[in-house]
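Protein chains: 2
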Amino acid sequence: MHAVVLRYIDQVARFGSIRRAAETLNIASSAVNRQILKLEAAIGTPLFERVGNGVRPTPAGEYVIRHARDTLADWQRTRTNISALSGNIHGEVRVGTIPSAMISILPKALDSLAQAHPNLKFRVLDMAPSDHAEEMRAGRPDVAVLFIDRRYRDYEIVAQLGAKVGVIMRPDHPLAKRSQLTLTECSSYPVTMLDDPWLLFESTLQNEFIRSGAELNTVLRTNSMTLMKQAISSGMGLGFFTPVGFLDEIRTGQLVHVPLTEHDLAATDIGLFVHRGRARSPSVQLLVRALSDEFVRAASDLRNAPTKA
Amino acid sequence: MHAVVLRYIDQVARFGSIRRAAETLNIASSAVNRQILKLEAAIGTPLFERVGNGVRPTPAGEYVIRHARDTLADWQRTRTNISALSGNIHGEVRVGTIPSAMISILPKALDSLAQAHPNLKFRVLDMAPSDHAEEMRAGRPDVAVLFIDRRYRDYEIVAQLGAKVGVIMRPDHPLAKRSQLTLTECSSYPVTMLDDPWLLFESTLQNEFIRSGAELNTVLRTNSMTLMKQAISSGMGLGFFTPVGFLDEIRTGQLVHVPLTEHDLAATDIGLFVHRGRARSPSVQLLVRALSDEFVRAASDLRNAPTKA
DNA sequence: ATGCCCGATGCCAAAATGGCATCACCTGGA
DNA sequence: TCCAGGTGATGCCATTTTGGCATCGGGCAT
Chain A
20 MHAVVLRYID
30 QVARFGSIRR
40 AAETLNIASS
50 AVNRQILKLE
60 AAIGTPLFER
70 VGNGVRPTPA
80 GEYVIRHARD
90 TLADWQRTRT
100 NISALSGNIH
110 GEVRVGTIPS
120 AMISILPKAL
130 DSLAQAHPNL
140 KFRVLDMAPS
150 DHAEEMRAGR
160 PDVAVLFIDR
170 RYRDYEIVAQ
180 LGAKVGVIMR
190 PDHPLAKRSQ
200 LTLTECSSYP
210 VTMLDDPWLL
220 FESTLQNEFI
230 RSGAELNTVL
240 RTNSMTLMKQ
250 AISSGMGLGF
260 FTPVGFLDEI
270 RTGQLVHVPL
280 TEHDLAATDI
290 GLFVHRGRAR
300 SPSVQLLVRA
310 LSDEFVRAAS
320 DLRNAPTKA
Chain B
20 MHAVVLRYID
30 QVARFGSIRR
40 AAETLNIASS
50 AVNRQILKLE
60 AAIGTPLFER
70 VGNGVRPTPA
80 GEYVIRHARD
90 TLADWQRTRT
100 NISALSGNIH
110 GEVRVGTIPS
120 AMISILPKAL
130 DSLAQAHPNL
140 KFRVLDMAPS
150 DHAEEMRAGR
160 PDVAVLFIDR
170 RYRDYEIVAQ
180 LGAKVGVIMR
190 PDHPLAKRSQ
200 LTLTECSSYP
210 VTMLDDPWLL
220 FESTLQNEFI
230 RSGAELNTVL
240 RTNSMTLMKQ
250 AISSGMGLGF
260 FTPVGFLDEI
270 RTGQLVHVPL
280 TEHDLAATDI
290 GLFVHRGRAR
300 SPSVQLLVRA
310 LSDEFVRAAS
320 DLRNAPTKA
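Protein chains in written order, with the numbering used here: chain A, 20 to 328; chain B, 20 to 328.
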């Protein structure tokens, strides 16, 4: 369908080297080189700046590279859509999400889909929020579960969940009966912290949390969510999370969630984002529907087993 | 840059005939035919259904055709953006608009741009509102001035203007001193009507207006806005419009605008729509900025010379 | 200074594309 | 009913495009 030069410039840009791009493309470097030279001649502007040890895109090149990648990605989606016409839902859905959603909401949704559609693939992006923001701005994820940010204009929020950040603890903890808490009230008790606390909050919220966090008695610091859960369950300390990651434990009374009063933290909601242009793709629709269901279930869980009576 | 087959299938779909497409492409029909056959073989699905007197796209074909057109259009925009890097703002901006905006807002904005950027081209689409909706849904216009409709999710509303539909008349008309009017109050006086009244209103509003309009004493019915203006100015009858098309006349006191009380009609606002994905294109930005300025100016005009004291 | 890796280029083979003539088929009108 | 004029498909050939290989000249790091 598409001219080879699209793949060529994509790879060349990725490696910053014509020869290495040619290598991964299983093709002679001269062929790749010539395609680029021809394209530059056709456009009338250099697309890559020749530096000693390779090439680097010019501003014009950036445009062309983006166009090439957009085109190839759109072609991939087109193929997927065509294949879906004959009932074969396959292809890959890219999902960006916060860790909380990876614990319960996302796995349940994926599980319910995986059974019915064995050919459906998912790519879940677990990364730093700054990269999330970058991905969202670039429009790469098809679906995302993130703290609500209206600046992602290419995405529509199709569901949301009031998920105040709060304190997770055992029901027999001294603070478990409170209806709300401040960070300073927690400072007299041992707490556990995700080793990458910025994973949980938007950049504006990080600062306050980290600032207050510095005064906290952090008895455990880990990047393992599993260990974290075990530690909190065994009474090792408090945890700071939205209730979303602990729906099951809260419902069964195993753990308790008490919201924090700090306004900036409490104001955060989790949203289900769908890329506007791809919302009609069958595979995306399936996932969105499954996630919506989980959002509804989570909301009802939070209502029935409120953060504290 | 792009494989010829993109242009081929575009034209074939446009004409519903391989031979005629080949003709307009100045190429042998066999070449076009073969490209399509090859593509179908590569995808594994027929893209066109062969009917006796030509071809018709299959559902899979519709997807591919749309992809091809999107790709070519995006490539065009990419070329434009690259050219803009060297300070040469050119290219074509597609604008969809209601007639009212064509009278004052749009011409002024275009005029101010045409002087500074002689290479900038505009394509203004004047058509039935159903086609407008279709165009907007297909995401073809880059910029649009339309009655606000939140369903156009690919577009962002960057400016709006409270523009209640009302009655336009000479200041010495018996109704000119009123602060508001109903359609029935107008029925005792001669009125003028645009021959295509649906051009002015969203489909949901059309019905009421036309229904009431049937009882009006329509002394003049024309599709010429110029004649319309002359007729109202010479006292031939009332006109039903937003004030937007009559800003100059209202400001100078030549004409008067009295809003209608009918709720559905009065609730309409005019919005400046920009396609989300193309808002950053220099040419689009220029036009949006110029139109925004005109929106502001129009809003101030409406405030200073209110529809009636 | 000397390898080493880079992109550019000349030469040739291979592949893709296009043009022409022709075939088989469908459709609409005598 | 049949014929005329249209359609897409296909075989054959010329042209164009693309790719592979060897090689050149030039930066860059050791």
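Even glycine gets a Cβ: it sits at the ideal position worked out from N, Cα and C. All of these numbers come straight from a predicted model, not from anything done at the bench.
- Counting only runs that start and end inside the region 115-146 of chain A, the alpha helix (DSSP H) elements of at least 4 residues fall at 118-122 and 124-135.
- Within chain A, no residue has its beta carbon less than 9 Å from that of residue 162 (chain B); the closest one is some 16 Å off.
- Residues of the region 46-64 of chain B with a C-beta less than 8 Å from any C-beta of chain A: 58, 61, 62 and 64, listed in chain order.
- Of the residues A:266, A:292, A:294 and A:118, the one whose Cα lies closest to the Cα of residue 320 (chain A) is A:266.
- Between residue 280 (chain B) and residue 211 (chain B), the C-beta spacing is not below 9 Å.
- At a cut-off of 9 Å between beta carbons, residue 101 (chain B) contacts chain A.
- Residue 299 (chain A) has a beta carbon lying at 9 Å or more from every beta carbon in chain B.
- The CB of residue 83 (chain A) comes closer than 7 Å to the CB of 97 in chain B, given here in chain order.
- When 9 Å is used as the limit between beta carbons, residue 276 (chain B) is near no residue of chain A, the shortest such separation being about 35 Å.
- Within the region 172-195 of chain B, the residues whose Cβ lies closer than 7 Å to some Cβ of chain A are 172, 173 and 175, listed in chain order.
- Contact between residue 154 (chain A) and residue 115 (chain A) is confirmed by a C-beta separation of about 6 Å, below the 8 Å threshold.
- Apart from the 5 residues on each side of it in sequence, residue 129 (chain A) sits with its Cβ closer than 7 Å to the Cβ of 141 in its chain, given in chain order.
- In the DSSP secondary-structure assignment, residue 174 (chain A) is bridged to A:294.
- Cα atoms of residue 197 (chain B) and residue 314 (chain B): separation of roughly 26 Å, rounded to the nearest angstrom.
- In the three-state reduction of the DSSP assignment, residue 187 (chain A) falls in the strand class, which pools E and B.
- Ranking B:96, B:112 and B:83 by CA distance to the CA of residue 25 (chain B) puts B:83 first.
- Under DSSP, residue 163 (chain A) shares a beta bridge with A:115 and A:292.
- Secondary structure note for residue 70 (chain A): its beta strand (DSSP E) is the uninterrupted segment 67-70.
- Within chain A, the C-beta atoms nearer than 7 Å to that of residue 104 (chain B) come from 78 and 79, in chain order.
- Distances from the CA of residue 268 (chain B) to each of B:251, B:278 and B:61 were compared; the closest alpha carbon is that of B:251.
- The C-beta separation of residue 81 (chain A) from residue 75 (chain A) comes to about 10 Å, leaving the pair out of contact by the 8 Å criterion.
- Using a Cβ-Cβ cut-off of 8 Å, residue 89 (chain A) is close to 93 of chain B, given in chain order.
- Looking at the backbone, the Cα of residue 182 (chain B) and that of residue 277 (chain B) are separated by about 11 Å.
- DSSP places residue 179 (chain B) within a strand segment (E or B) once states are collapsed to three.
- Residue 37 (chain B) is a Cβ neighbour of residue 55 (chain B), given a cutoff of 9 Å.
- Among the CB atoms of chain B, one or more fall inside 9 Å of the CB of residue 24 (chain A).
- Below the 8 Å Cβ cutoff, chain B contributes 172, 173 and 295 as neighbours of residue 295 (chain A), in chain order.
- Under the Cβ criterion of 9 Å, residue 20 (chain A) is counted among the residues facing chain B.
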